[in-house]
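Numbering (our numbering), first residue to last: 58 to 233.
Below, the structure is given as structure tokens:
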């Protein structure tokens with residue numbers, strides 16, 4: 058008769074052999090057969106995959122977009138704190154955003170009792186525009202401090218829009 062076929066391999070030894078076992082050596086592991094070694098290999102070497110460096114030209118923002126975003130958000134926070142009149146926003150926001158700011162000023166948000174708002178950080182990121190759009194658009198997001206607490210602000214700014222053809226305008230605003 059032929060030798061029986063082995064379908065199972067020996068379990069790997071996770072513990073070092075005891076020193077009193079005959080023929081055991083604490084330094085050298087038990088030899089493994091070649092068939093067991095090849096079955097356990099994988100193409101993954103244990104390291105995380107490397108990401109290809111992205112050039113990301115769209116993430117580069119124009120300096121004038123960033124400058125407008127910072128000054129417009131600062132002005133908006135001053136209006137919400139009632140340090141400026143809402144009419145001063147008319148040249149840099151759309152009518153919808155101006156109505157929103159008027160409503161926020163009239164309702165006296167709870168956070169306004171904490172003190173004046175100070176713009177802390179602003180980030181600007183280009184929005185991928187459709188081929189038919191003739192204006193630039195950026196998403197603006199950041200934080201502001203009020204009475205030792207940190208709040209969030211987000212907006213969308215556009216240049217070349219039909220309502221504000223000469224310059225930038227805030228077309229959407231979200232304040233938390």
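Cβ coordinates follow ideal geometry from the N, Cα and C atoms, glycine included.
From a predicted model like this one, the values you see are computed outputs, not experimental measurements.
For residue i, collect the residues of the same chain with a Cβ closer than 7 angstroms to its Cβ; drop the 5 residues on either side in sequence, then sort them by chain order.
i, result
"residue 159", "143"
"residue 181", "118, 122, 123, 126, 195 and 197"
"residue 171", "203, 204 and 206"
DSSP state of residue i, grouped into three classes?
i, result
"residue 127", "helix"
"residue 246", "No answer is possible for residue 246: the residues shown for the chain start at 58 and end at 233."
"residue 164", "helix"
"residue 122", "helix"
"residue 70", "coil"
"residue 231", "strand"
"residue 175", "strand"
"residue 184", "coil"
"residue 226", "strand"
Residue j and residue i - do their beta-carbons sit closer together than 7 angstroms?
i, j, result
"residue 200", "residue 209", "yes"
"residue 214", "residue 225", "yes"
"residue 192", "residue 168", "no"
"residue 154", "residue 227", "yes"
- Query: Do the stretch 162-175 and the stretch 191-199 make contact, defined as three or more Cβ pairs closer than 8 angstroms?
  - Reply: By the Cβ criterion, the stretch 162-175 is not in contact with the stretch 191-199, since fewer than three pairs of Cβ atoms, one from each stretch, lie closer than 8 angstroms.
- Task: Starting from the N-terminal side, write out each stretch of the beta strand (DSSP E) that is 3 residues or longer and does not extend beyond the stretch 193-217.
- Result: 193-203 and 206-216, all fully within the stretch 193-217.
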